[in-house]
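Residue numbers (the working numbering), protein chains in the order written: chain V, 1 to 158; chain H, 1001 to 1797. Here the structure is laid out as structure tokens; the discussion comes afterwards.
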Ligand code: FES
Ligand code: FES
């Protein structure tokens, strides 16, 4: 096999070091090396957003990120969103509003929402639509997801 | 003393989705999240031609980059390894599990490979070199029909399917003739009609595009050189379909073929029949290697090789009275089934029965035909034939209205079916049907009249043209015809050790809410809290066959069986004295535990009983096609930009009567998701075919709607309880796929003045029609509105 690189980064608050081919996709490192299977593969080409994670605060499609690029980075996956197994407000709102149907797009969608609400704590509908446009959902038609985002932004206010 | 406070009804409220917490946590384990010890990964070697014969197969010693391949490290399966029959059985046995000699479509599986490292597979697949004798392919409905015609003259080179003794014929999987009242249309009707209106309508293939690709893990127990048992777990809708497929491939009894559904990331029909293919393949690799084998497709393979919605062509010829009343109709409905029959006969049947729309036809003849092409088999997709034929009839109604000179609304109002009337199959509509009322409300919700009038005014001279249009339609709940009788579904509820009822069904959850609504039904019937009801993972060793999860049947048919099983459980507990009437949730559990202590176990079983007044005659193709129908009117508002030729849906109102709504949030979610898919079907999703192969098999070039593409989708319900479903519910799942496409094209006709008859309708198609570059008659610039005339001028010069 080609040479392995040792890559150090912080995932969900924990320092991790993995030995992996430098071009191995961050998606596969998360799923295979770190057993963080909440990050999903839908297309493998940056179109669907089901592999989305936060890297240094930015929303990235982990299927497009060679792990070497994550050296020194701070990564947050869906497993890092909840606190001690308790749902974060965004998760609670997706649950209550029916924002998750089959659930396969949900981890990426929740991270995208997180990112959106950081940027726009009180987003307009257009900001929600555009902020989530990189995350495909085939089940919901997005309406309940928009509602979940609105609810989460309401809760963020109090 | 019994307590008087009755528990609040849970049906009609929106409790949290049963498996919802795990989903929002990202903790749900889908098939690709599961790994077994010693597991290998499987891959498929597919044909590279559409039609022909295999001459030779070579395993290259080096891959395309010159690296050596150690074939001894691969498990290789060919058709010769199949212990049972080389077939994937659905309705017939024409579909091989692996091609042994003949190739009938470009993605035909020929060989299977497995290796410990997934990364080793692509190069190995590419290093299997197959040579063929290639024959000319049949790629469209017209090619297929031409093949049939030539065969009549003795030239069989265009015949790719020969009937296989299953009622079909040359290139024809199935035909149906639906003749209202078994009466041919008298010639005099045509002669005396004020108008005869003809139209041809076409719909394209559509990819289900669930976000989780098809995938399974198979294990196989081999002893004494024979397969003893096969287990497949995976992403699927219908575990017992796969059991049936494995029985034949492995020549095993059903009780040695175990199938387990794991959490499934979307399906929409795309995981109805296809898991029988990938499941059988993985199991063959497991047999040969002696290891568990995981097979998951990547997006490109899933899109190119698995089923899609059947393309269709519908021709209408309609006799109409001066006032717009329908006098008689001839409908020819043809679907492209692809290379093998799979589910095409059933898709055809639903399409034929829905082809007349919700109208009263004094005379009607529908001829349906499913034809063969050298394309990967088309299969189930939400709506199952109905979206195709409803698209045609709802476009045609607008066309007739134009010919007669009445509004599309008036056209419908003069012809709607009413309670007490008969459908085209002779089914007496005994349940209340109020299409007039539905239409009135839908148009009001959408502010249709005001907008229609406003757009007619403001479009003159506008660069962005607006339009509003609607479609009225119905969708039958449950299996077609005698399907439910044949399925003979069984449902069980058992008590677990904590005294909690556990629902045992093979009905699967893939996002629609099966788990949640079935638990609601049981909770309400048993008068206990929703949280106290459990539902088991579908594992065919553990759950009975409650039928496939298809055909808008789960809420109505399976839900009713759950209701009856819960009643039976309750009667047993109360009747045996362990539970007193008026019990609380806690008392139920205590009583149940005491019953278990005394009797060991309790399981209530209930089997489907066809309602006595429901009858279907397969021979005559007449009778009660479905136990109940959902009725709907959908209104779409569009904007067409005459510079970019992009049509966008700007608002959408979906009103339906689906009986009582069991869970308002889930129900609205079903409608919104279905409408979004319908909008994609109409305006975005185009399969580009090259010699029978989908050329745009990526999410980058097959475009489904994103959150930024969709209008507000307003779901409205009219609730009329039905006796057929639990708590008065009817089916809902497929309905929302039927209405959007015709409503949108009807709206585009108002916007552009052009009567488009084909979907998907992409900007290039609108461009071609508006500029006359499609070969069709160019718009008459004299009657064209200025902005269009200007746009045409720009492009034409
Ligand atoms: S899997 Fe990364 S964007 Fe689709
Ligand atoms: S919930 Fe299924 S893809 Fe979004």
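Cβ atoms here follow ideal geometry from the backbone N, Cα and C, with glycine treated the same way. All values derive from a computational prediction rather than experimental measurement.
_Alpha carbons only, please: which of H:1168, H:1457, H:1497 is nearest the one belonging to residue 1340 of chain H?_
H:1168
*Is the Cβ of residue 19 of chain V closer than 9 Å to any Cβ of chain H?*
Judged by the 9 Å Cβ criterion, residue 19 of chain V is not in contact with chain H.
*Measure the alpha-carbon distance for residue 1291 of chain H versus residue 1231 of chain H and round it to whole angstroms.*
12 Å
*At 8 Å on the CB atoms, spell out the chain H contacts of residue 27 of chain V, in chain order.*
Result: empty, since nearest Cβ-Cβ is about 11 Å, beyond 8 Å.
*Hey, out of H:1190, H:1151, H:1183, H:1186, whose CA is closest to residue 1172 of chain H's CA?*
H:1151
_Rounded straight-line distance, which links the Cα of residue 1023 of chain H to that of residue 104 of chain V_ = 8 Å
*Positions along the region 104 to 133 of chain V whose CB lies within less than 7 Å of some CB in chain H*: Within the region 104 to 133 of chain V, the residues whose Cβ lies closer than 7 Å to some Cβ of chain H are 104, 105, 106, 107, 110, 129, 130, 132, 133, listed in chain order.
*Along the chain, which unbroken stretches of the beta strand (DSSP E) at least 3 residues long are found entirely within the region 1598 to 1667 of chain H?*
1603 to 1607, 1628 to 1641, 1647 to 1657
*How about residue 1215 of chain H: is its Cβ closer than 8 Å to a heavy atom in ligand 1?*
no
*Would you check if there are 3 or more beta carbon pairs closer than 8 Å linking the region 1453 to 1465 of chain H to the region 1429 to 1440 of chain H?*
no
*Give the residues of chain H in contact with residue 156 of chain V, contact being defined as C-beta atoms less than 7 Å apart.*
Contacts between residue 156 of chain V and chain H, judged by CB atoms closer than 7 Å, are missing: the closest CB pair is about 17 Å apart.
*Hey, would you say the C-beta of residue 1303 of chain H is under 8 Å away from at least one heavy atom of ligand 1?*
no
*Count the other CB atoms within 10 Å of the CB of residue 1082 of chain H; is the residue buried (16 or more) or exposed (fewer)?*
Residue burial is scored here from C-beta neighbours: residue 1082 of chain H has at least 16 other C-beta atoms within 10 angstroms and is therefore classed as buried.
*Identity of the residue in H:1697, H:1647, H:1663, H:1620 nearest residue 1756 of chain H by Cα*: H:1647
*Just checking, does the region 1508 to 1526 of chain H make contact with the region 1009 to 1018 of chain H on the three C-beta pairs under 8 Å criterion?*
yes
*Just mark residue 1586 of chain H as buried or exposed, buried being the case when its beta carbon has 16 or more other beta carbons within 10 Å.*
exposed
_Just verifying my parser: in three-state terms, what is the DSSP assignment at residue 1553 of chain H?_
coil
*Thinking just about the alpha-carbon of each residue, which of H:1091, H:1704, H:1675, H:1271 is nearest to the one in residue 48 of chain V?*
Measuring C-alpha to C-alpha distances from residue 48 of chain V to each of H:1091, H:1704, H:1675, H:1271 identifies H:1704 as the nearest.
*asked:* Just to confirm before moving on: does the CB-CB distance between residue 1719 of chain H and residue 1660 of chain H stay below 9 Å?
replied: yes
*Please confirm if the region 1719 to 1731 of chain H is in contact with the region 1369 to 1389 of chain H, defined as three or more CB-CB distances below 8 Å between the two stretches.*
no
*Check each residue of the region 1686 to 1714 of chain H: if its Cβ is closer than 7 Å to any Cβ of chain V, include it; give the result in chain order.*
Flagged, chain order: 1698, 1699, 1700, 1704, 1706, 1707, 1708, 1710, 1713.
*By Cβ distance, which residues of its chain are closer than 8 Å to residue 1676 of chain H, with the 5 residues on each side in sequence left out?*
1705, 1710, 1713
*Could you tell me the distance, in whole angstroms, from the CA atom of residue 1046 of chain H to the CA atom of residue 1110 of chain H?*
5 Å
*Interface partners of residue 1055 of chain H on chain V, CB under 9 Å*: Listed along chain V, no residue sits closer than 9 Å to residue 1055 of chain H by beta-carbon distance, the nearest being about 34 Å off.
*Where does residue 1067 of chain H fall in DSSP's three states?*
coil
*Pick from H:1364, H:1282, H:1302: whose alpha carbon is nearest that of residue 1293 of chain H?*
H:1282
*Could you check the C-alpha separation between residue 978 of chain H and residue 1411 of chain H for me, to the nearest Å?*
Residue 978 of chain H falls outside the range modelled here, since chain H spans only 1001 to 1797, and no answer is possible.
*From which residue to which residue does the beta strand (DSSP E) around residue 1814 of chain H run?*
The shown model of chain H, from 1001 to 1797, leaves out residue 1814 of chain H, and the question about it has no answer.
*Within 9 Å (strictly less), CB to CB, does residue 1510 of chain H reach chain V?*
yes
*For residue 1179 of chain H, collect the residues of the same chain with a Cβ closer than 7 Å to its Cβ; drop the 5 residues on either side in sequence, then sort them by chain order.*
1365.
*Under 9 Å between C-beta atoms, does residue 101 of chain V make it to chain H?*
Yes, because at least one Cβ of chain H sits closer than 9 Å to the Cβ of residue 101 of chain V.
*Counting pairs of beta carbons, one from the region 1727 to 1745 of chain H and one from the region 1381 to 1401 of chain H, are three or more of them closer than 8 Å?*
yes
*Could you pull out every residue in the same chain whose Cβ sits closer than 8 Å to the Cβ of residue 1211 of chain H, ignoring the five residues on either side in sequence?*
1265, 1266
*So is residue 1485 of chain H in contact with chain B if we call contact Cβ pairs under 9 Å?*
Here chain B cannot be found, since the structure's protein chains are V and H.
*Compute the beta-carbon to beta-carbon distance between residue 110 of chain V and residue 81 of chain V, rounded to the nearest angstrom, for a pair I have assumed lies under 8 Å.*
6 Å
*Determine contact between the region 1470 to 1490 of chain H and the region 1524 to 1533 of chain H, defined as no fewer than three beta-carbon pairs at a distance below 8 Å.*
no
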